[in-house]
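In case it helps, full-length UniProt numbering puts the sequence shown at residues 1 to 639.
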Amino acid sequence: MGIKIMKKFQILGLKRNIDSITEEMMRNKEIELLKTEKYHENFKSSQIKNSYKSCFNKLDRILDSLNLNKIIENINFDKLNKVDLEKFKDFIRPIQQKIDKLERITKKLDAEEKRLNNLIKHVYVMRNIDIELQSLKNLSYITLIFSSLSQERYERLIENVTEVPVLVLEVNRDQDRVWFFTFAKKNYQQKALDILNSANFQRIELPERVKGQPREILNQARHRLNKIEIIRDQISLEFKKLKHRHQSQLLDYYQQLLVFNKITDVNNDFYGKSDYFFITTGWISEENEKEFEKLISNKYKKVIYSSQEVKNVEEENPPTIIENPEWIKSFSSLVKLYGLPKYNEIDPSLFFALSYILLFGIMFGDLGQGFVFVSLGFAIYKNKIDFIKNKNAAYILISIGFSSMLFGTFYGSLFGLEDLIPALIIRPMDNIMFWLGFTVMIGILLLITSMIFNLFNSFKNKDYTEALFSDSGLSGLILYLFLLVNLAFYGIQSKLLMPASVIAAVFIILLLLIFLKEPLGNLLTEQRFSIDKKISEYILESAFELFDTVLGYLSNTLSFLRVGAFTLNHVGLSMAVIILSEMINNYAGSLLVLIVGNIVIMVLEGVVVGIQILRLEFFEIFAKFYSGSGRELIPLKIK
Numbered sequence: 001m002g003i004k005i006m007k008k009f010q011i012l013g014l015k016r017n018i019d020s021i022t023e024e025m026m027r028n029k030e031i032e033l034l035k036t037e038k039y040h041e042n043f044k045s046s047q048i049k050n051s052y053k054s055c056f057n058k059l060d061r062i063l064d065s066l067n068l069n070k071i072i073e074n075i076n077f078d079k080l081n082k083v084d085l086e087k088f089k090d091f092i093r094p095i096q097q098k099i100d101k102l103e104r105i106t107k108k109l110d111a112e113e114k115r116l117n118n119l120i121k122h123v124y125v126m127r128n129i130d131i132e133l134q135s136l137k138n139l140s141y142i143t144l145i146f147s148s149l150s151q152e153r154y155e156r157l158i159e160n161v162t163e164v165p166v167l168v169l170e171v172n173r174d175q176d177r178v179w180f181f182t183f184a185k186k187n188y189q190q191k192a193l194d195i196l197n198s199a200n201f202q203r204i205e206l207p208e209r210v211k212g213q214p215r216e217i218l219n220q221a222r223h224r225l226n227k228i229e230i231i232r233d234q235i236s237l238e239f240k241k242l243k244h245r246h247q248s249q250l251l252d253y254y255q256q257l258l259v260f261n262k263i264t265d266v267n268n269d270f271y272g273k274s275d276y277f278f279i280t281t282g283w284i285s286e287e288n289e290k291e292f293e294k295l296i297s298n299k300y301k302k303v304i305y306s307s308q309e310v311k312n313v314e315e316e317n318p319p320t321i322i323e324n325p326e327w328i329k330s331f332s333s334l335v336k337l338y339g340l341p342k343y344n345e346i347d348p349s350l351f352f353a354l355s356y357i358l359l360f361g362i363m364f365g366d367l368g369q370g371f372v373f374v375s376l377g378f379a380i381y382k383n384k385i386d387f388i389k390n391k392n393a394a395y396i397l398i399s400i401g402f403s404s405m406l407f408g409t410f411y412g413s414l415f416g417l418e419d420l421i422p423a424l425i426i427r428p429m430d431n432i433m434f435w436l437g438f439t440v441m442i443g444i445l446l447l448i449t450s451m452i453f454n455l456f457n458s459f460k461n462k463d464y465t466e467a468l469f470s471d472s473g474l475s476g477l478i479l480y481l482f483l484l485v486n487l488a489f490y491g492i493q494s495k496l497l498m499p500a501s502v503i504a505a506v507f508i509i510l511l512l513l514i515f516l517k518e519p520l521g522n523l524l525t526e527q528r529f530s531i532d533k534k535i536s537e538y539i540l541e542s543a544f545e546l547f548d549t550v551l552g553y554l555s556n557t558l559s560f561l562r563v564g565a566f567t568l569n570h571v572g573l574s575m576a577v578i579i580l581s582e583m584i585n586n587y588a589g590s591l592l593v594l595i596v597g598n599i600v601i602m603v604l605e606g607v608v609v610g611i612q613i614l615r616l617e618f619f620e621i622f623a624k625f626y627s628g629s630g631r632e633l634i635p636l637k638i639k
């Protein structure tokens, strides 16, 4: 459980085995190859011609044309054979020609259909006039303009053309617009256009190459559209015939070309080559390596495999592979919203899962509503809800649901009703100050845990400066605990734990350790007490950071008051729903208000509580120990 140990491997072998080695790494599915590795000068990053690429691209387009599913769940490498490309071309040529012909016809039909629809759109508004459209376009001494306006602007236009030798003839109107012809003598053409432009008219060009009256043109166009639809059905049938006849063989070829095209690309991108040898480098997990190394050594006698541990995490930047049980993986998906753990960091998934579940239960404790969450989670897990396929959601809902049920039992809350079952431990609304204090204590424990994690990370990475002198390191942890102990003692006993001078001295010493983090760190690592910048700049920056640190301890701790506040808020909302239901005299109506109110609380408050917990986790806890700057393994994939 946690982050897998990674090893950097190198393979050296004869060039005749290069394709087979690449295939073995693709089978493995957990190997990442490196492009940037530098090899001996005899090994060049040479490119070989990928003779599969053009054939694969052609086949890919054919599968798209035939609407064939290109998703291949599992490739059986053992049944793959080298593709005879000439035979493939002979097989695919008549299919491609048939598809090209059908697509050319489809393209012409698209253009014709667009033209006919445009024709119908323009002619339809003239359907009520009995005149040859062609004759309107061939007028010798008259200018004809066909256009449309809004009804209001049309009425205004009619008023403006009474004193001008221009004839406006309305041909159609609807609720918003009016379509009309404007006739004017040739020498008044510009004057007519000026008048129409002032009304912001929309000009409509009469269709080309049409004869007859509008009704005849419409009938002819619709008849032609019906014929086009019939032809489309015939083309669709031809595509289905091609798909049915060649589907199996096309998909077989697709699988083979997909693999060999990818293998050739990998060989060009990730291998160094000499005249007779190849070399490649990559990442593999330690547990995966044993089987892979055994396979390589047994199957390829003249291939040399070697590997080494990660030496410098910052320089080598190994990928992170997280291995957790399914229910923790579901919370890992939320952790990834912050970032993936670096290779040398603690995987916070388990800690995050436990703290998230705990905080949700505290903030949303209700036996009945928690049961609804659990039921919903099981329904998703059993695929009973079609539109939610993500099993992560199922695990999260089940986990937080059980936590909500547990704390609902502690609080004696069932669907917001607090008089049906007894409180097993406490009713938060009856003990507000105690409850707020309790939730702050929970927060303090989580913050201390996060500082301990930071100590572990820092010592593991031999970053002693961070471990000893940072605000989340040993000095910061002692300072935080020192402040908490003294405040708690004073709050309980109303007197100081130790003399004020001693408290002040310890406080100042701890602050100085954090303030002098950089020079003290240099003293540890470089054996010299020095600062890498101007002293004035360092003093100013460190003073602000120190002030922010002390303020941060206070704000981080008090942030957990919101946990208690949301507990009380949940009770308050439930009480509001109950009061509303009691105001209704009708039993059915009262029950309906209770049901709807509980649904609203579960949806709205459930989302808000979930987001608030993420905020606490990310900003108050993760910020102290977790960088989230890791990267995922990029395995060799077929596609």
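Just so you know, even glycine gets a beta-carbon here, dropped at the ideal spot from N, CA and C.
Looking at C-alpha atoms only, which residue of the options is the closest neighbour of residue i?
i, options, result
"S236", "S355, L616, K98, E582", "K98"
"E55", "E103, Q255, R224", "Inspection of the sequence shows that residue 55 is occupied by Cys rather than by Glu. Selected option, being the one with the closest Cα: Q255."
"I145", "F181, L483, I599", "F181"
"F43", "F270, P341, G412", "F270"
"I120", "G610, R224, I5, R173", "R224"
"L479", "A500, I492, D110, L512", "L512"
"I95", "R16, N118, F351, H246", "H246"
"F434", "L554, Q612, T567", "T567"
"F292", "G437, Q612, V600, R27", "R27"
"S51", "N344, F260, F469", "F260"
"F277", "V303, K294, I579", "V303"
"S332", "E41, Y300, N288, Y395", "Y395"
"T557", "P635, L594, A500, T439", "T439"
"Y553", "W179, L251, L350, L445", "L445"
"Y188", "R61, P165, E314", "P165"
Locate the beta strand (DSSP E) running through residue i, then write down its first and last residues.
i, result
"Y305", "304-309"
"L33", "31-33"
"G282", "277-285"
Which first and last residues belong to the alpha helix (DSSP H) in which residue i is found?
i, result
"V83", "Counting along the chain, V83 falls outside any alpha helix (DSSP H), and DSSP gives it neither H nor E."
"K8", "No alpha helix (DSSP H) contains K8, which is instead part of the beta strand (DSSP E) from 6-14."
"E518", "517-526"
"F482", "474-493"
"A394", "391-411"
"F566", "561-582"
"I638", "No alpha helix (DSSP H) contains I638, which DSSP labels as neither H nor E."
"N57", "51-65"
"N28", "18-28"
"Q213", "Per DSSP, Q213 belongs to no alpha helix (DSSP H) and is neither H nor E."
"V587", "A small fix is needed here, since residue 587 is Tyr in this sequence, not Val. First-last of the alpha helix (DSSP H) with Y587: 587-600."
Does DSSP classify residue i as helix, strand or coil?
i, result
"K44", "strand"
"E37", "coil"
"L497", "coil"
"Q202", "strand"
"S627", "coil"
"G606", "helix"
"K70", "coil"
"E541", "helix"
"residue 640", "The first residue shown for the chain is 1 and the last is 639, placing residue 640 beyond what the model contains."
"I421", "coil"
"K460", "helix"
"I531", "coil"
"G2", "strand"
"G416", "coil"
"K384", "coil"
Counting only beta-carbon atoms, is residue i nearer than 8 Å to chain C?
i, result
"L218", "Judged by its chain identifiers, the structure shown contains no chain C, having just a single protein chain."
Does the ligand HEM have a heavy atom nearer than 7 Å to the CB of residue i?
i, result
"A500", "Questions concerning the ligand HEM fall outside what the structure shown contains, since it holds no ligand whatsoever."
* Asked: Taking one C-beta from the region 369-385 and one from the region 444-452 each time, how about it: are there three or more such pairs within less than 8 Å?
  -> no
* **Runs of beta strand (DSSP E) lying entirely within the region 105-187, each at least 3 residues, in chain order** => 142-150, 166-173, 177-185
* Please determine if the region 246-265 and the region 19-26 are in contact, where contact requires at least 3 C-beta pairs separated by less than 8 Å. => yes
* If you scan the region 290-370 from start to end, which runs of the beta strand (DSSP E) of 3 or more residues do you find wholly inside it? -> 304-309
* Only counting runs of 4 or more residues, tell me where the alpha helix (DSSP H) segments fall wholly within the region 425-451, in order along the chain. => none
* To do: Decide yes or no for the touch test of the region 457-473 against the region 483-500: beta carbon pairs closer than 8 Å, at least 3 of them.
  => no
* Check whether the region 571-581 touches the region 399-418, counting contact only when three or more Cβ pairs, one atom from each stretch, lie closer than 8 Å. => yes
* **Contact between the region 337-348 and the region 356-371 (3+ Cβ pairs under 8 Å)** => no
* Asked: Is the number of C-beta pairs between the region 289-307 and the region 6-20 that are closer than 8 Å three or more?
  -> yes
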